[in-house]
Structures are given as C-alpha cells and as structure tokens.
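In the working numbering, the protein residues as written are 100 to 395. Quick reminder that beta carbons are idealized off the backbone N, C-alpha and C, glycines included. Computed from a predicted model, the values in this text were never measured in an experiment. Note sheet for the following structure.
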C-alpha cells in the first residue's frame, strides 16, 4: 500500500481520495487552503500544514484543483510540493489544465529528481464516487506503471496517451466533444418543444436510434426535468473550452462549433448560471428563444 499525498478534496477530489483510502492506501492531506475533510481524517488520513510537508511524507502526490493557476500555486509556492519532492517520488496532476503549462510544470518537477504525470479525468462527481472515472495520462511509462494501482482505485478506463501534456490534450478534446453533444441535445429538444412535441417523448424516441448517446440519456433528462444542480459546473466547462480555443489559436486552427458552444455557456453565465450544471446550457438557448421546454 502506498503513501499518498492528496491536495484538493473538493467535489471531485474528496470521493477520489476516499476511494484511495478504501483501497488501503495511507493519505496525507494539506490544510493550507481549507481544513482537511473530517471523515478522511477520522478514517486515518493525516492532515499536514502545507503541500511541502505532504510531499515530504508521501511517495505519490496527487493534485486535484480547479485550474492552471491553482496547480502552479500548489506546486511552486514557497511551501509547495516542489520544495518537498525528490528522487523516487511521483507528482500526479489530476486537474484539468493547460497542456502547455503542464509541460513546463513537468520539466520543473523533473529538475527536482521526481517524475510527473498529468492524469485528468472524465466522469464527473458520479464517476468519482463510483470509482469509474476515465483517466487520461501523460508521462513516462515507468511512472505510469507505478501509479496504475492508484488509478485503478479511482477509475476504470485508464489510458497512457503519451508524454507529459498529452493527458491534458486528451481531456480538452473530451470537453469539446461533451460540450458539442450537450448543445446538440439542447437544440434538438428546444426545436421539438417549440414545434409542439413533447420533449420527453422525443427524447424517448431518439434513445432507440442512431442519435442515442450518454448525453441524451443523462443530460437530456436533466434538461426536461430542470434538475441543474452540479454535476459539473458551467464555469468549469467554460474554463476547459477556453483551453481548447487558446490551443486552437496557438495551432492556427479554427474550432467554430467549440466557439459557438462557449458563447452559449457565456449566455448562461450572464443570466446567473455559472454554477449550474453544464446540462443547463439549454437555459442559454431558451433565454435567446424566450421559450422554455419546461413551461408548457
């Protein structure tokens, strides 16, 4: 069983850390930002003052925070992870952040003698709780093999995509696909409802054909029922699409549908929906149409 530092025990990180604990691993938590979760401490996790102390105690250091600046802070603040790592340790960033920044972070951690894996996840809070996350990994194969038992305690579909940054690139690609599928389902249900059809019956019919998808199944139902508690917040999906669009600019390519989905998310944010589940993208379309599929 491994000694694991886990930094970032929020909506996703908390259940991920709990699953590692259930698998028999020892946890070290940082209290530099918030107090360590009481249930993890009660079950044996040790709370330390800062990321440096966590990195000194642990063999693996997992980071699960919202965005690139937070990862930078956790790793490279004066009492950060980089100050406590050395040879034989592996830093695993499971946040969803910039692929370009990831390569820089990996290089700086490597200079300390440690190894680095970027391992963002897909599957949301439900997957985090059920330990069924898809995990997309970038880094050296030997570090991946050492960390694989940890990933298997948190997820099911675990893929070494390539070198550092490639895991984050795969996650950005994932978020493009998810956003465009959500928008497709939302537009279809809005069209059907505005045209006088029952959106619930339309969804039921489409579930039996080529248009069937996990988004239609899960998020289509959320749209019809109006259950928009996150889940995965619109603000976080906006962050991921910003990474996609910034990357596209760097690569001199055009992602027109991604840009359009981002604009609809921005409409949701403008009407107070930054913290809605991303399935609430439909509310942005409804706002523009002055029509709700639930008010019939």
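key: Straight-line Cα distance separating residue 100 from residue 118   = Counted from its first residue, the chain shown places residue 118 at position 19. Counted from its first residue, the chain shown places residue 100 at position 1. Spanning the two alpha carbons is a distance of roughly 13 Å.
query = Ordered along the chain, which non-local residues of its own chain (more than five positions away) have a Cβ less than 7 Å from that of residue 282?
reply = The count along the chain shown starts at 1 and reaches residue 282 at position 183. Closer than 7 Å at the Cβ level, and outside the excluded window around residue 282, lie 360, 363, 380.
query = Taking the DSSP output, what are the residues bridged to residue 217?
reply = Reading the chain shown from its first residue, position 118 is the one you call residue 217. 192, 237, per the DSSP bridge assignment.
query = Assuming residue 357 contacts residue 342 under a Cβ cut-off of 8 Å, what Cβ separation, rounded to an integer in Å, is found between them?
reply = What you label residue 357 is simply residue 258 of the chain shown in a count that begins at 1. What you label residue 342 is simply residue 243 of the chain shown in a count that begins at 1. With 8 Å as the limit, residue 357 and residue 342 do not qualify as a contact, their Cβ atoms being about 10 Å apart.
key: Collapsed DSSP secondary structure at residue 332 in the structure displayed   = Numbered from 1 along the chain shown, position 233 holds the residue referred to as residue 332. Strand, per DSSP.
ask   = Roughly how many angstroms lie between the CA atoms of residue 116 and residue 222, to the nearest whole one?
value = Taking the first residue of the chain shown as 1, we reach residue 116 at position 17. Taking the first residue of the chain shown as 1, we reach residue 222 at position 123. Going by the C-alpha atoms only, they are around 15 Å apart.
request  = Please determine, among 289, 209, 142, 203, the residue with the shortest C-alpha to C-alpha distance to residue 394.
outcome  = Within the chain shown, numbered from 1, the residue matching residue 394 stands at position 295. Out of 289, 209, 142, 203, 289 has the C-alpha closest to the C-alpha of residue 394.
task = For residue 275, collect the residues of the same chain with a Cβ closer than 6 Å to its Cβ; drop the 5 residues on either side in sequence, then sort them by chain order.
result = The sequence position of residue 275 within the chain shown is 176, counting from 1. 343, 357, listed in sequence order.
key: Residues of its chain near residue 257, where Cβ-Cβ distance is below 8 Å and the 5 sequence neighbours each way are ignored   = One-based indexing of the chain shown puts residue 257 at position 158. Excluding positions up to five away in sequence, the list reads 233, 234, 236, 247, 250, 251.
task = Confirm, please, whether the CB-CB distance from residue 113 to residue 136 is below 8 Å.
result = Against the chain shown, residue 136 aligns to sequence position 37. Against the chain shown, residue 113 aligns to sequence position 14. Their beta carbons are under 8 Å apart, which means residue 136 touches residue 113 by this criterion.
query = Is residue 164 helix, strand or coil when you go by DSSP?
reply = On the chain shown, residue 164 is found 65 positions in, with the first residue counted as 1. Residue 164 falls in the coil class under three-state DSSP.
inquiry  = Determine whether the beta carbon atoms of residue 191 and residue 159 lie at a separation below 8 Å.
reply    = On the chain shown, position 92 is the one that residue 191 refers to. On the chain shown, position 60 is the one that residue 159 refers to. Cβ distance < 8 Å, so residue 191 and residue 159 count as in contact.
ask   = Under 8 Å, do residue 278 and residue 340 count as touching if we go by C-beta distance?
value = Translated into positions along the chain shown, residue 278 becomes position 179. Translated into positions along the chain shown, residue 340 becomes position 241. Cβ distance < 8 Å, so residue 278 and residue 340 count as in contact.
ask   = Which first and last residues belong to the beta strand (DSSP E) in which residue 106 is found?
value = Residue numbering aside, residue 106 sits at position 7 when the chain shown is read from its first letter. 102 to 106 is the span of the beta strand (DSSP E), which, as asked, contains residue 106.
ask   = Got a sec? Which residues, its chain only, sit under 7 Å from residue 325 by beta carbon, not counting five neighbours each side?
value = If you number the chain shown from 1, residue 325 lands on position 226. Here the set comprises 393.
8 Å Cβ cutoff met for residue 162 and residue 111 = Numbered from 1 along the chain shown, position 63 holds the residue referred to as residue 162. Numbered from 1 along the chain shown, position 12 holds the residue referred to as residue 111. Contact flag unset, no.
ask   = Between the Cα of residue 264 and the Cα atoms of 230, 214, 202, which residue gives the shortest distance?
value = Here the question's residue 264 lines up with position 165 in the chain shown. It is 202 whose Cα lies nearest to the Cα of residue 264.
query = What is the DSSP secondary structure of residue 364, reduced to helix, strand or coil?
reply = Counted from its first residue, the chain shown places residue 364 at position 265. Residue 364: helix per DSSP, three-state reduction.
8 Å CB neighbourhood of residue 240 in its chain, flanking five on each side removed = Here residue 240 corresponds to residue number 141 of the chain shown, with the count starting at 1. Around residue 240: 259.
ask   = Between which two residues does the beta strand (DSSP E) carrying residue 258 extend?
value = Position 159 of the chain shown, counted from the first residue, corresponds to residue 258. Start and end: 254 to 261.
task = For residue 125, write down the residues that DSSP places opposite it in a beta bridge.
result = Position 26 of the chain shown, counting from 1, holds the residue named residue 125. 102.
query = Helix, strand or coil: how does DSSP classify residue 381 here?
reply = Here residue 381 refers to the residue found at position 282 of the chain shown. Here residue 381 sits in helix by DSSP.
request  = Report the option in 352, 224, 229 whose CA atom is closest to the CA atom of residue 331.
outcome  = Here residue 331 is taken as the residue at index 232 of the chain shown, counted from 1. Here the closest residue by C-alpha is 224.
task = Report all residues from its chain with a CB closer than 7 Å to the CB of residue 301; omit the five preceding and five following residues, and keep chain order.
result = Residue numbering aside, residue 301 sits at position 202 when the chain shown is read from its first letter. Result list for residue 301: 288, 291, in chain order.
key: residue 205 vs residue 188 beta-carbon contact at 8 Å   = As a working mapping, residue 205 is identified with position 106 in the chain shown. As a working mapping, residue 188 is identified with position 89 in the chain shown. No. Outside cutoff.
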